[in-house]
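Chains as they are written, first to last, in the numbering used here: chain A, 1 to 338; chain B, 1001 to 1338.
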């Protein structure tokens, strides 16, 4: 845990309990009531009980940071959770993930066909969320928000494909990792903030700054996630230990260790990755190497750089409680607590 | 083949070779060039070589029928093909279909994960197609078009889920068939025409009439498809004979036979459906029963009713070559040639 970040460890949990967080939780429940409709049943399963609603909270605060009203952006903010939920539904099928948030993944409970279709439905609901309650926002800004969401959705898919191509391939990993996380995670957090800015009525400069803020938060968030997979306990992350290694996925700490390692260690890293860390002592050896090569420290530094870039983008905005929240989220990304 | 429809048998093929059809084919190829990008490679595989582009052609003509310019609606018209392609990609996984248009289905060639992601990408590209080149259309009309697409996308998913629930269940089939095809096929053709109307700048009345026209075309089209599965050869349909029965799917002719059949025949129909027509002589017996009970004739009549309703909706539009094309498509749906 970095010194600067330590006081922000509970920031996201506090945000979820803030007025904005409670409003979003309440609206999400209201918009997805219990029902007999199978598509809505599975959607509810994917969306509720809600997590921390970090993405919708960021959309709300991005809108408020440019002078927009929360009411005008509430539906679209929840739409960001629908896109996130759709991605989880499809990713869990793709990655053969059986457990999500401590419960069977949706495709385990409802079957793969229904989970595919519910993901498609939630993608459509994300677009609907932007256009169905446009509030005071000009149609031109709404159209720009739709275009941004469509582009981000495609980026997410491209990032996922790239990630799959990196499985078990360290040279591809080193080469494509930055682009992969820009597409897979950067694009989602980017659009979460950009849509808030656009529907909040932002001028071009402020919208672009908030988009870059979001992208850098996404990059920091992804590196944080990569790190937690190695340095945190399953209780902290809610995922199995060394989950990425178990999926044969070379993430940043692993790739940095590979780059810094001696040739013999490189060969072994590749072998360990290809057998998904299934050998006796694989996990311990990788963890030791990550420390020895300075890979963990180096990944932490990259995370801090992204967080700092994010914070710096906020300088163009007039000071406000929402800007403070966005800055706090940047601090939180480097605090390494779940 | 009905007498009224016989002269329209080649109408859709002729349309594909018309100026609009050639323009759409050319633009589709231009927008999806050969590339190394895996997502675009699989998208190309799903979209090209193009079929008859019936849906984009309908979007173009709906726009022209209300005085819109083809240039303003070209991108969105192709977007209808992207949505259709996305549905095919995901449906082929869901229905375990191995062959599409005489080639291995995309998930066979590229794997299920890539096919899921490419479907998601094409959904996003459909939305992007509406907003990225709005032309002369007012932003308000563009926003309405996005809302219509989002609603239709969700309807498609709901229709697919409903269809899956009907597999092997004839009581559910009889009860849910009309709603299922309204959602699964009606909604797509509805939005294909509604988006053309909106982006063509239609007034509310004309847009609503074209939406109802499209929905009825979709219903006629679905019944036609159901019928062809029983009465046409695999060469005509490009699918295996009795494909629906082979999937345990009770379609309209089958359901009408069930309703008209004696109790003993009903039991056998259910048994045949549950074994997916795999018993010796099942297919022949079902075909005989479809004729004996008048189910084929009755399905043809329902098809004709939908087609006639579609044609009737065109009455509010000023006469034009595009209105003639839309009327011709209604005639074609009852011609029962592929």
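Beta carbons are placed, not taken as given, at the ideal position from N, Cα and C, and that holds for glycine. What you are looking at is a predicted structure, and each value in this text was computed from that prediction instead of being measured.
Alpha-carbon spacing of residue i relative to residue j, whole angstroms
| i | j | result |
| --- | --- | --- |
| residue 1299/B | residue 46/A | 39 angstroms |
| residue 1103/B | residue 1284/B | 28 angstroms |
| residue 292/A | residue 271/A | 19 angstroms |
| residue 16/A | residue 54/A | 7 angstroms |
| residue 319/A | residue 1315/B | 59 angstroms |
| residue 1322/B | residue 1061/B | 5 angstroms |
| residue 3/A | residue 9/A | Below a pLDDT of 50, predicted positions are generally treated as unreliable, and residue 3/A, at 43, falls in that range; no measurement from the model is reported. |
| residue 1088/B | residue 1108/B | 13 angstroms |
| residue 1294/B | residue 1264/B | 17 angstroms |
| residue 282/A | residue 160/A | 26 angstroms |
| residue 50/A | residue 19/A | 16 angstroms |
| residue 74/A | residue 123/A | 17 angstroms |
| residue 1305/B | residue 1171/B | 24 angstroms |
| residue 1250/B | residue 39/A | 21 angstroms |
| residue 118/A | residue 1080/B | 20 angstroms |
| residue 317/A | residue 186/A | 21 angstroms |
| residue 1085/B | residue 301/A | 43 angstroms |
| residue 312/A | residue 1028/B | 42 angstroms |
| residue 1157/B | residue 1037/B | 28 angstroms |
| residue 1296/B | residue 1098/B | 28 angstroms |
| residue 1112/B | residue 274/A | 21 angstroms |
| residue 1324/B | residue 1175/B | 36 angstroms |
| residue 1276/B | residue 1090/B | 22 angstroms |
| residue 1001/B | residue 1230/B | Any reading at residue 1001/B needs caution, since the residue's pLDDT is 40, under 50, leaving its predicted position unreliable; the model's value is listed next. Straight-line Cα distance between these residues: approximately 13 angstroms. |
| residue 1105/B | residue 206/A | 45 angstroms |
| residue 1134/B | residue 310/A | 32 angstroms |
| residue 956/B | residue 1116/B | Beyond the ends of chain B as shown, which are 1001 and 1338, falls residue 956/B; an answer cannot be given. |
| residue 83/A | residue 30/A | 18 angstroms |
| residue 233/A | residue 1114/B | 31 angstroms |
| residue 121/A | residue 92/A | 16 angstroms |
Contacts that residue i makes with chain A (C-beta to C-beta distance below 9 angstroms)
| i | result |
| --- | --- |
| residue 1204/B | By Cβ distance, chain A contributes nothing, its closest Cβ being about 17 angstroms from residue 1204/B, past 9 angstroms. |
| residue 1297/B | Within chain A, no residue comes near residue 1297/B; the closest Cβ sits about 34 angstroms away, beyond 9 angstroms. |
| residue 1105/B | By Cβ distance, chain A contributes nothing, its closest Cβ being about 14 angstroms from residue 1105/B, past 9 angstroms. |
Beta-carbon separation (whole angstroms), residue i vs residue j, contact threshold 8 angstroms
| i | j | result |
| --- | --- | --- |
| residue 290/A | residue 253/A | 5 angstroms |
| residue 329/A | residue 181/A | With 8 angstroms as the limit, residue 329/A and residue 181/A do not qualify as a contact, their Cβ atoms being about 17 angstroms apart. |
| residue 1127/B | residue 1331/B | No, residue 1127/B and residue 1331/B are not in contact; Cβ-Cβ is about 32 angstroms, not under 8 angstroms. |
| residue 201/A | residue 286/A | That pair is no contact at about 49 angstroms. |
| residue 1199/B | residue 1152/B | With 8 angstroms as the limit, residue 1199/B and residue 1152/B do not qualify as a contact, their Cβ atoms being about 15 angstroms apart. |
| residue 168/A | residue 255/A | Incorrect: roughly 13 angstroms between the Cβ atoms, too far for contact. |
| residue 1260/B | residue 1269/B | Actually they do not touch by this definition, with Cβ atoms about 11 angstroms apart. |
| residue 1154/B | residue 125/A | 7 angstroms |
| residue 132/A | residue 1147/B | 6 angstroms |
Chain-ordered chain B contacts of residue i [CB-CB under 8 angstroms]
| i | result |
| --- | --- |
| residue 125/A | 1150, 1154 |
| residue 283/A | Result: empty, since nearest Cβ-Cβ is about 26 angstroms, beyond 8 angstroms. |
Neighbour list for residue i in chain A, Cβ cutoff strictly below 8 angstroms
| i | result |
| --- | --- |
| residue 1164/B | 113, 114 |
| residue 1090/B | 116, 117, 120 |
Chain B residues whose Cβ lies nearer than 7 angstroms to that of residue i
| i | result |
| --- | --- |
| residue 158/A | 1039 |
| residue 121/A | 1154, 1157 |
| residue 304/A | Those within 7 angstroms of residue 304/A in chain B number zero; the least Cβ separation is about 31 angstroms. |
Within chain A, the residues that residue i reaches when beta carbons sit closer than 7 angstroms
| i | result |
| --- | --- |
| residue 1341/B | Nothing can be reported for residue 1341/B, as the shown portion of chain B is limited to 1001 through 1338. |
| residue 1093/B | 116 |
| residue 1161/B | 38, 39, 114, 117 |
| residue 1327/B | Simply none; closest approach about 31 angstroms. |
| residue 1172/B | Going along chain A, no residue has its Cβ under 7 angstroms from residue 1172/B, so there is no contact; the nearest lies around 12 angstroms. |
Contact with chain E by residue i, beta-carbon distance below 8 angstroms
| i | result |
| --- | --- |
| residue 12/A | In the structure shown, chain E cannot be found, because the protein chains are A and B. |
Contact test: residue i Cβ vs the ligand MG heavy atom, cutoff 7 angstroms
| i | result |
| --- | --- |
| residue 299/A | Looking for the ligand MG in the displayed structure turns up nothing, as the structure carries no ligands at all. |
Partners in chain B for residue i, counting only beta-carbon separations shorter than 9 angstroms
| i | result |
| --- | --- |
| residue 77/A | Within chain B, no residue comes near residue 77/A; the closest Cβ sits about 16 angstroms away, beyond 9 angstroms. |
Contact the region 1208-1227 of chain B vs the region 1322-1336 of chain B: 3+ CB pairs below 8 angstroms: With three or more CB-CB distances shorter than 8 angstroms, the region 1208-1227 of chain B counts as touching the region 1322-1336 of chain B.
field: Validate contact between the region 1163-1170 of chain B and the region 1187-1207 of chain B using beta carbons, cut 8 angstroms, 3 pairs
entry: Taking 8 angstroms as the limit for Cβ pairs, the verdict is that the region 1187-1207 of chain B does not touch the region 1163-1170 of chain B.
task: Examine the Cβ distances between the region 22-38 of chain A and the region 63-83 of chain A and report whether three or more of them are shorter than 8 angstroms.
output: Taking 8 angstroms as the limit for Cβ pairs, the verdict is that the region 63-83 of chain A does touch the region 22-38 of chain A.
- request: Taking a Cβ distance cut-off of 7 angstroms, strictly less, list which residues of the region 136-147 of chain A are near chain B, in chain order.
  value: 139, 140, 142, 143, 146, 147
query: Residues in the region 248-270 of chain A with C-beta within 9 angstroms of chain B's C-beta atoms, listed in sequence order?
result: none
message: Contact between the region 1202-1215 of chain B and the region 1167-1180 of chain B is defined here as three or more beta-carbon pairs at a separation below 8 angstroms; is this criterion met?
response: The region 1202-1215 of chain B, when compared against the region 1167-1180 of chain B, does not touch it at the 8 angstroms Cβ threshold.
query: So does the region 132-148 of chain A actually touch the region 1133-1143 of chain B, counting three or more Cβ pairs closer than 8 angstroms?
result: yes
field: Residues, ordered as in the chain, of the region 37-65 of chain A that lie near chain B by beta-carbon distance below 7 angstroms
entry: 38, 39
message: If the cut-off is 9 angstroms on Cβ atoms, which residues from the region 1195-1223 of chain B count as contacting chain A, listed in chain order?
response: Cβ contacts with chain A come from no residue of the region 1195-1223 of chain B.
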